[in-house]
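Asks:
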Amino acid sequence: MELTQKESELSRWAAEEMEVPLAAHPLESMLRRLCLSQCADIWAYIVQHVRSQRNIKTIQGNLLWHAYQDNPKIHRKAEACYPGVYHPSIHPSAAPH
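Following my numbering, the residues of the sequence shown are numbered contiguously, the last one being 98.
#1: Which one of Met19, Leu11 and His50 has the shortest CA to CA distance from Cys36?
#2: Quick check: the Cα distance between Gln99 and Arg33, rounded to an integer number of angstroms?
#3: Just to confirm before moving on: does the CB-CB distance between His26 and Ala41 stay below 8 angstroms?
#4: Answer yes or no: do Glu20 and Leu4 have a C-beta to C-beta separation smaller than 8 angstroms?
#5: When the Cα atoms are used, what is the spatial distance from Ile47 to Pro73?
#6: Among Ala68, Val51, Ser9 and His50, which one has its Cα closest to the Cα of Met31?
#7: Label Tyr69 either buried or exposed according to how many other C-beta atoms from any shown protein chain fall within 10 Å of its C-beta, with 16 as the threshold for buried.
#8: Since Cys40 is in the alpha helix (DSSP H), which residue starts that stretch and which ends it?
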């Protein structure tokens with residue numbers, strides 16, 4: 002039997018987002034059970050909103066970088082937290098305008 006869309010999304014999320022090794026990947030029958038009735042809505046929410054710790058750190062870094070570029074106050078705060086990291090000599094594009 003072929004997996005439904007929700008089962009496929011859950012399988013993809015486990016493999017790609019959470020980096021579950023292939024050996025530990027759930028069987029099709031388990032995916033079907035996980036996606037029954039109310040559980041389907043719960044898993045749909047999880048697949049949409051839960052990210053791996055690695056991706057969260059990347060997202061946080063991107064948000065900090067964009068905020069840094071847009072706001073001089075955040076530039077000073079970032080410089081205080083991470084001395085030298087945002088220095089214009091290291092990142093010429095980060096020089097205040």
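Using N, Cα and C, we set each Cβ at its ideal position, and we do this for glycine too. The structure presented is a predicted model; accordingly, all values stated were derived computationally and were not measured.
Replies: Judging by the given coordinates:
#1: Between Cys36 and the set Met19, Leu11 and His50, the nearest pair of CA atoms involves Leu11.
#2: Nothing can be reported for residue 99, as the shown portion of the chain is limited to 2 through 98.
#3: No, the Cβ-Cβ distance between His26 and Ala41 is not below 8 angstroms.
#4: In this structure, Glu20 keeps its C-beta atom at 8 angstroms or more from the C-beta atom of Leu4.
#5: Taking the CA atoms as reference points, Ile47 sits about 36 angstroms from Pro73.
#6: The residue with the shortest Cα to Cα distance from Met31 is Ser9.
#7: When all chains shown are included, Tyr69 counts as buried.
#8: Per DSSP, the continuous alpha helix (DSSP H) segment holding Cys40 begins and ends at Ser38 to His50.
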